[in-house]
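Going by numbering that gives the first Met the number 0, the first residue of the sequence shown is number 0, and it counts up by one from there. Notes follow the structure.
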Amino acid sequence: MRRCRLLVLAACLMLVVVPAPAQEPDPAGAALQAGDYAAARTLLARHLDDGATEHAPAFAETFLKTGAYEEGLRAVEAYLQRRERDPYLLHARGRLLAMLGRYDEAEQAFREALGRRPDFWRNTVELGLLLERTGRRREALRLYAAVYRRFEENALHTADDLAQAGRAAARLGAFRDANEAFRTAYRIDPKHAALLGWWADLFREKYNPADARRTYEEALALRPQDADLLTGYARTFDAFDRQEALARKALAANPRHVEALSLLAGLHLLDGDDDAAAARAREALAVNPHDLTALGHLAATYYLRGDSAAFAATAARVTHPAPAPFYLTLARDAELRFRYDDAAAFARRAVTVAPDDAATHAMLGTALLRTGSFHEARRHLEIAYERDPFNLFVANTLTMLDMVDEHFTRLESPHFTLLLHRNDAGVLGPLVLEQAEAAFADLVARYPYRPPGKIVLELYDEHSDFAVRVAGLPHAGLLGVSFGDIVAMDSPRARAGEAYNWARTLRHELAHTFSIGASKHRVPRWFTEGLSVYEEQRFRPAWGRDMDLELLAAFDRGQLLSLHEIDRGFTRPTFPGQVMLSYYHAGQVVGFLVEHHGFEAVAAILQDLGAGRSMDEAVRAATGQPLDALDAAFRAHLRRERSRLAALLETLPGDATAPDFAGAPDNPFFRALRAGHDALRTGRLDEAETRFRQALTLYPDYARDASPYHGLAAVYRARADTAALVDILTRFLDVSDAGAAEARELAALHRAAGRTEAARRYLERTLDVEPLDAPTHAALAELYTEAGDLERAVRARRAVVALDPVDRARALYLLAEALYRNREHDAARRTVLQALELAPGFRDAQRLLLQCVEAGEKTGTEKRE
């Protein structure tokens with residue numbers, strides 16, 4: 000129901016207009032519209048010299064758009080010496096003063112203008128915004144109401160007056176009327192760039208990014224160098240690279256744009272570059288010392304590096320009576336640096352100072368979800384939804400929580416609590432908990448961290464629910480995420496049809512749990528990601544993300560980021576594949592570190608980070624060299640590898656997904672591979688084998704579809720050469736993290752040859768990728784029974800039943816049989832009775848029931864004796 004209600008509301012804020020022709024602006028207006036602020040200023044000054052002070056707001060705009068705030072203030076005050084009570088000049092002065100953070104003086108100017116011209120609606124709205132900014136929302140609402148009332152009375156007729164009514168209605172929460180006011184204003188003047196910007200702001204703030212983008216783009220077509228528009232446009236994108244590019248473009252137009260500077264400060268914090276973040280925040284504060292967002296980012300740089308004195312001094316600069324934006328900024332910065340408990344604490348402060356603000360409750364609810372406090376999180380999200388039903392994230396999160404409450408179940412093991420859909424509990428539950436416990440034993444023995452309680456695992460059977468759970472975190476395409484002692488990930492059902500190795504994802508995320516925990520949530524992004532990739536490779540070499548050639552190619556092209564900058568590769572890639580390459584790069588650096596300094600160095604680095612040391616200090620203490628030296632040593636290692644693999648670099652794979660290898664480069668590897676498949680299609684098996692082996696020699700790690708391994712396997716199947724087929728499938732699975740079909744085929748070959756242990760091992764491997772395959776569980780049940788592993792046989796038979804087979808009666812019978820063999824006679828009797836309910840004439844089930852009854856009676860007699 001929540002989503003349905005939301006769609007009705009969102010439909011009211013759709014961009015559907017039929018503009019009417021607008022009058023061409025005068026030369027000054029045309030210059031202003033085109034962004035030629037110098038020319039506009041000269042022309043507008045002539046109007047002011049002639050006494051036409053209604054041009055004062057536009058005159059001030061020429062300074063506001065370029066960051067020349069002080070110069071503009073001096074110019075306006077010079078005109079005020081001639082006309083000291085002029086409302087338009089007073090308004091212009093107020094806007095310039097507000098931009099500089101001189102709020103008291105700005106308020107006085109706006110109020111004087113209001114007294115002189117109460118129907119100057121833009122002045123009224125700007126005064127309201129200033130009052131809100133200084134914590135006097137009730138006073139601001141009265142001003143907005145005055146403008147809104149005139150709109151309701153159909154007393155506003157110009158595009159600008161209607162635009163101010165739209166702004167006022169939005170601040171009052173009358174979003175439909177705000178949208179209608181903007182739409183009407185647009186019909187009058189479709190080339191009013193500021194109007195389009197305010198309208199786009201409404202769409203963005205009400206979670207309609209698509210219409211917001213379209214509206215910003217229309218405004219930017221009129222004013223392409225408008226920093227306000229560029230910054231608002233940037234905030235419609237989730238991609239951090241787009242945000243940064245647009246923020247930098249805004250600063251090229253206005254180097255002193257406070258919002259663009261703050262946006263960059265937040266992005267630098269995301270990268271772990273606290274010095275750059277602090278520099279940008281200070282630039283913003285040099286313009287406006289009271290800007291709460293910039294103060295929040297500056298305070299965050301000190302907090303995240305553990306400088307409590309500087310943090311306290313920065314927080315003391317906040318004089319606002321209700322500084323919610325300050326705490327919300329701190330919460331967001333802490334969250335993006337894995338400091339989830341701190342994010343919740345800051346969000347709680349935001350709620351304390353602004354208890355009626357939907358945004359503060361939304362942030363606190365989100366932060367509490369990250370820490371596993373589901374009940375309290377729901378309470379705050381419900382409050383946020385009641386106060387702002389347009390918030391798509393809040394509505395979808397509540398829907399997701401409803402789904403979890405209704406359909407999920409909870410399973411326990413010694414160190415884990417597993418939440419997953421009840422339909423998957425019988426199949427995935429035992430597999431996930433077994434893998435998790437094995438990973439826990441391995442990781443807890445090596446990392447200086449022991450979770451204080453059970454780790455919570457959440458498996459989402461719908462990717463959309465998982466996406467809601469992790470919304471707002473860096474880069475798309477996530478399969479799992481660790482919030483410390485809470486791990487959320489896609490279940491195999493959420494990735495149906497894909498080669499999704501859930502076991503690898505689980506190992507990766509649990510490694511995050513231990514590196515984040517050992518560092519007390521202070522580990523840099525690249526180091527925790529590198530450790531997780533390292534742990535994948537260490538546990539199972541086939542999970543190695545073999546990208547040596549891509550890594551060396553990027554090194555050759557100068558695209559490999561330094562360890563000081565590497566976090567940008569995860570959040571703001573500049574070339575295709577850089578995100579995955581950054582994972583691999585970080586993993587290789589960690590492997591290099593372990594190889595030369597032992598895993599003890601990793602543990603020491605994590606502990607030093609937890610004690611508040613910087614990454615550079617921690618690396619120096621553990622290895623005797625700074626981070627730059629580690630980077631240089633690793634690059635020297637790459638140069639040696641590059642020399643050893645120089646020939647292979649010419650065979651870097653391209654796109655081999657199409658049957659004819661369309662898009663593949665013309666190099667020795669692909670020439671051999673293409674020739675092999677051509678020969679295979681025409682039955683020339685000897686030639687095909689030769690070509691495939693040539694390709695395999697050139698690049699043995701190529702395990703995509705139509706690889707040399709697949710070609711050779713086809714050759715050996717055609718020849719019925721079982722020994723060669725077993726060998727090539729084994730080699731393929733040594734380099735592939737998927738290959739479920741190949742593993743099943745290899746298991747069947749081993750089983751036919753009597754190698755039941757190998758057959759079992761390869762069948763178990765398929766469950767890492769395709770755990771919902773009933774025939775695999777049935778085959779494993781037989782192998783477990785043959786080996787006398789009766790508990791596992793029962794588990795496999797339970798999985799078959801949970802997968803709802805066509806012949807459910809037989810599946811229940813076989814489960815009952817496995818239970819009986821495992822001496823679980825009561826459970827066997829109950830299960831065989833279920834089989835007989837479905838198939839009353841099932842003779843084998845009838846006999847088993849008698850055996851169960853007899854066994855139960857015998858057990859009862861023995862107990863009585």
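Even glycine gets a Cβ: it sits at the ideal position worked out from N, Cα and C. Model, not experiment: these values are computed from the prediction.
Beta-carbon contacts of residue i that lie in its chain and below 7 Å, excluding the five residues immediately before and after
i, result
"R797", "G425, L814"
"T622", "H596, A600, L629"
"A312", "none"
"M402", "D464"
"R136", "none"
"L410", "L417, A424, G428, L432"
"F236", "Q242"
"A810", "V799, V800, P804"
"V753", "According to the sequence shown, residue 753 is Gly rather than Val. Cβ within range, chain order: n/a, list empty."
"I727", "Y708, L711, A712, Y715"
"Y36", "T61, K64, T65"
"V852", "R828"
"H636", "F591"
"A498", "A737, V768"
"A323", "A349, V352, A353, D356, T359"
Sequence-distant residues of the same chain with beta carbon closer than 8 Å to residue i, five excluded per side
i, result
"H54", "A27, L43, H46, L47, Y87"
"M929", "With the chain running from 0 to 864 in the structure shown, residue 929 is simply not present."
"Y102", "L96, L129, R132, T133, H289"
"L284", "D290, A293, L294, L297"
"E106", "G93, L126, L129, L130, T133"
"E823", "V793"
Anticipated Cβ contact below 8 Å, residue i with residue j, distance rounded
i, j, result
"L262", "T230", "6 Å"
"R279", "L260", "5 Å"
"L194", "Y185", "6 Å"
"Y812", "D843", "6 Å"
"G265", "H296", "6 Å"
"Y708", "A717", "Going by Cβ atoms, the distance from Y708 to A717 rounds to 15 Å, so no, they are not a contact pair."
"L380", "T396", "6 Å"
"R149", "L155", "5 Å"
Among the options, nearest to residue i - alpha-carbon criterion
i, options, result
"R673", "H636, R643, L711, R639", "L711"
"G483", "D547, H319, I454, A844", "I454"
"V443", "R40, L509, R135", "L509"
"D227", "A321, V768, R241, R255", "R255"
"E594", "G611, E836, A632", "A632"
"P189", "L221, E151, F150, G675", "L221"
"D160", "E152, A169, V146, A173", "V146"
"F174", "R82, F841, E204, D685", "E204"
"T573", "F239, R369, A792", "F239"
Neighbourhood of residue i by C-beta distance below 6 Å, restricted to the same chain and skipping five residues each side
i, result
"E334", "A342"
"A246", "A233, A259, L262, L263"
"D85", "T52"
"Y302", "F310"
"Q850", "none"
"R871", "What the structure shows of the chain is the stretch from 0 to 864, and residue 871 is not part of that stretch, so it cannot be assessed."
"F439", "H414"
"R743", "T765"
"R367", "The question names Arg, but residue 367 in the sequence shown is Leu. A343, E375, A376."
"A826", "L818"
- Task: List in chain order: all unbroken alpha helix (DSSP H) runs of 4+ residues lying wholly within the stretch 408-470.
- Result: If we require 4 residues or more, the alpha helix (DSSP H) runs fully inside the stretch 408-470 come out as 421-443, 462-468.
- Task: Determine, using beta-carbon pairs with one atom in the stretch 561-568 and one in the stretch 262-276, whether at least three such pairs fall under 8 Å.
- Result: Taking 8 Å as the limit for Cβ pairs, the verdict is that the stretch 262-276 does touch the stretch 561-568.
- When the Cβ atoms of the stretch 602-609 are set against those of the stretch 506-518, are three or more pairs found closer than 8 Å? Cβ pair count under 8 Å is three or more, so yes.
- Using 8 Å as the Cβ pair cut-off and three pairs as the minimum, do the stretch 496-514 and the stretch 530-544 touch? Below 8 Å, enough C-beta pairs join the stretch 496-514 and the stretch 530-544 to call them touching: three or more.
- Message: Quick check: the stretch 523-530 against the stretch 585-595, are at least 3 beta-carbon pairs closer than 8 Å?
- Response: Short answer: they touch.
- Would you mind listing the alpha helix (DSSP H) stretches within the stretch 741-775 that are 4+ residues and don't spill past its ends, in chain order? Inside the stretch 741-775, DSSP marks whole alpha helix (DSSP H) runs of 4 or more residues at positions 755-765, from first to last along the chain.
- Item | the stretch 429-445 contacting the stretch 775-785, beta-carbon criterion three pairs below 8 Å | These segments do not touch.
- Task: Would you check if the stretch 696-709 and the stretch 718-725 touch, i.e. whether three or more CB-CB distances between them fall below 8 Å?
- Result: Output reads no: the stretch 696-709 does not touch the stretch 718-725.
- Query: Mind pulling the alpha helix (DSSP H) runs of 4 or more residues that sit fully within the stretch 250-332?
  - Reply: If we require 4 residues or more, the alpha helix (DSSP H) runs fully inside the stretch 250-332 come out as 257-270, 273-286, 291-303, 307-315.
- Query: If you pair each beta-carbon of the stretch 676-691 with each one of the stretch 536-550, do three or more pairs fall below 8 Å?
  - Reply: In short, these stretches do not touch, since the Cβ pair count stays below three.
- In chain order, each alpha helix (DSSP H) run of at least 4 residues that lies wholly inside the stretch 486-567: DSSP runs (the alpha helix (DSSP H)) wholly in the stretch 486-567: 501-517, 524-538, 547-555.
- Is there contact here, the stretch 333-346 with the stretch 304-318, by at least three beta-carbon pairs under 8 Å? The answer is no - the stretch 304-318 does not touch the stretch 333-346, with fewer than three Cβ pairs under 8 Å.
- Message: So within the stretch 133-184, which uninterrupted alpha helix (DSSP H) runs reach at least 4 residues, ignoring any that extend past its ends?
- Response: Within the stretch 133-184, the complete alpha helix (DSSP H) runs of at least 4 residues are 136-151, 158-171.
- Task: Could you say if the stretch 549-562 and the stretch 730-750 meet the contact criterion of at least three C-beta pairs nearer than 8 Å?
- Result: Touching, no, given that fewer than three Cβ pairs across the two stretches are closer than 8 Å.
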